[in-house]
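Here is the structure we will look at.
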Amino acid sequence: MSEKKNHIDVAVVTTAGTYPNDGFESVALEQPIKVELDRAARELKITNTSGWIATVGTQTLNVDASYLANNLSGKVDIQWGPPQRGGGAKAS
Amino acid sequence: MGPAAARRGCEGVVNSLGAKALFDAEVKLLGDRLLEGRGWVVHRRDFPVLDISFRGDGHQELRLELSFDDWPDSPPSAIYRAAGGGTLAPFPPRRDGNNIFHDSHHPTLGRPFICMPGIREYHTHQNHMNDAWSKYRGLPDYSLGGILDQLWHAWRRFWP
Numbered sequence: 001m002s003e004k005k006n007h008i009d010v011a012v013v014t015t016a017g018t019y020p021n022d023g024f025e026s027v028a029l030e031q032p033i034k035v036e037l038d039r040a041a042r043e044l045k046i047t048n049t050s051g052w053i054a055t056v057g058t059q060t061l062n063v064d065a066s067y068l069a070n071n072l073s074g075k076v077d078i079q080w081g082p083p084q085r086g087g088g089a090k091a092s
Numbered sequence: 001m002g003p004a005a006a007r008r009g010c011e012g013v014v015n016s017l018g019a020k021a022l023f024d025a026e027v028k029l030l031g032d033r034l035l036e037g038r039g040w041v042v043h044r045r046d047f048p049v050l051d052i053s054f055r056g057d058g059h060q061e062l063r064l065e066l067s068f069d070d071w072p073d074s075p076p077s078a079i080y081r082a083a084g085g086g087t088l089a090p091f092p093p094r095r096d097g098n099n100i101f102h103d104s105h106h107p108t109l110g111r112p113f114i115c116m117p118g119i120r121e122y123h124t125h126q127n128h129m130n131d132a133w134s135k136y137r138g139l140p141d142y143s144l145g146g147i148l149d150q151l152w153h154a155w156r157r158f159w160p
């Protein structure tokens, strides 16, 4: 649990690296998730994250909404990366 | 060996060294926190092979042997593996809408294949010859890690 009241401990995990590199960052529960994702992209020098999916466990997050609205609390690793972009014909 | 052949040989060695350096750098980013958080298990990461499983989330394990020879000039080639490392058989039924994980045989390779941009068998399939790898190469979503991300999300969506 974050030591600050109304805060959550967050890390953003990508295949290009993790932000912060160690541990977590304490952010306000009311903050939209995308704020931390944008920060992670800058720090990890990821140039295009259009359409990327953020997940915690089996939950796909609404990144425009807050941690609170996504029912997140405590310490969370957000897995973030591109979705399957395309494919061929429907397989049998 | 003539000068031209020698030059081509040197270029091949240089390309291979570059491919290995890039492969090693990208694979190094697959740290414990990412692997454990996603249920990814790396069985082997020796250039040019990345042997990796996706596990958990109530799905059957998907193990893939990806070969990054000629990376990034060519995308990786993918072979389905059984959880123990042998040939995947029988091939499990996929979820509705699957357009990625094919148990039908690739027309030139004669084996099941993954039909997704960023996988060599897609770009060498007769139906996608006009969708060249050069359109994707160098984009963040088509780095080694980006391709793994896409395969993982496809697995979560379509694998049983």
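Read top to bottom, the protein sequences are chains C and Z.
Take the first sequence: its letters are residues 1 to 92, numbered as in my numbering.
Take the second sequence: its letters are residues 1 to 160, numbered as in my numbering.
Glycine is no exception: its CB is placed at the ideal position from the N, C-alpha and C atoms.
Pull up the DSSP beta-bridge partners for residue i, would you.
| i | result |
| --- | --- |
| T55 of chain C | C:T60 and C:Q79 |
| E65 of chain Z | Z:D51 and Z:I79 |
| R45 of chain Z | Z:L50 |
| I8 of chain C | C:V27 |
| V13 of chain C | C:T18 and C:Q79 |
| G56 of chain Z | Z:H59 |
| P112 of chain Z | Z:H105 |
| S158 of chain C | Beyond the ends of chain C as shown, which are 1 and 92, falls residue 158 of chain C; an answer cannot be given. |
| T87 of chain Z | Z:R81 |
With a threshold of 7 Å between beta-carbons, can residue i be considered close to chain C, or not?
| i | result |
| --- | --- |
| H43 of chain Z | no |
| M116 of chain Z | yes |
| G37 of chain Z | yes |
| I52 of chain Z | no |
| A89 of chain Z | no |
| A6 of chain Z | The pLDDT assigned to A6 of chain Z is 49, lower than 50, so where the model puts this residue is not dependable, and the model offers no usable value. |
| D96 of chain Z | no |
| G146 of chain Z | yes |
| N130 of chain Z | no |
| A154 of chain Z | yes |
| L62 of chain Z | no |
| P72 of chain Z | no |
| L22 of chain Z | no |
| L34 of chain Z | yes |
| N15 of chain Z | no |
| Q126 of chain Z | no |
Which class does residue i belong to by DSSP, given the choice of helix, strand or coil?
| i | result |
| --- | --- |
| R42 of chain C | helix |
| D96 of chain Z | coil |
| E36 of chain C | helix |
| R8 of chain Z | Note on R8 of chain Z: pLDDT 49, under 50, position unreliable in the model; the coordinate value appears next. In the structure shown, R8 of chain Z sits in a helix (DSSP, three-state: H, G or I). |
| I147 of chain Z | helix |
| W71 of chain Z | coil |
| W152 of chain Z | helix |
| W159 of chain Z | coil |
| H102 of chain Z | strand |
| P107 of chain Z | coil |
| G87 of chain C | coil |
Using a beta-carbon distance below 7 Å, is residue i in contact with chain Z?
| i | result |
| --- | --- |
| V13 of chain C | yes |
| Q59 of chain C | no |
| G74 of chain C | no |
| I46 of chain C | yes |
| D93 of chain C | This structure cannot settle anything about residue 93 of chain C, because the visible part of chain C is limited to 1 through 92. |
| D77 of chain C | yes |
What whole-angstrom Cβ distance do residue i and residue j have, given they're in contact under 8 Å?
| i | j | result |
| --- | --- | --- |
| Q79 of chain C | R38 of chain Z | 6 Å |
| F54 of chain Z | F68 of chain Z | 18 Å between Cβ atoms; not a contact. |
| W52 of chain C | G87 of chain C | Rounded, the Cβ-Cβ distance is 18 Å, inconsistent with contact. |
| V10 of chain C | E25 of chain C | 6 Å |
| Y19 of chain C | A40 of chain C | 4 Å |
| F23 of chain Z | W71 of chain Z | 6 Å |
| R81 of chain Z | L64 of chain Z | 7 Å |
Tell me whether residue i, by its Cβ, gets closer than 6 Å to a heavy atom of the ligand PLP.
| i | result |
| --- | --- |
| F91 of chain Z | In the structure on display, the ligand PLP does not appear, and there are no ligands present to speak of. |
**Q.** Residues in the segment 101 to 114 of chain Z having any Cβ partner in chain C nearer than 8 Å
**A.** F101, H102, D103 and S104
Q | chain Z contacts from the segment 14 to 36 of chain C (Cβ-Cβ distance under 8 Å) | A | T14, T15, A16, G17 and T18
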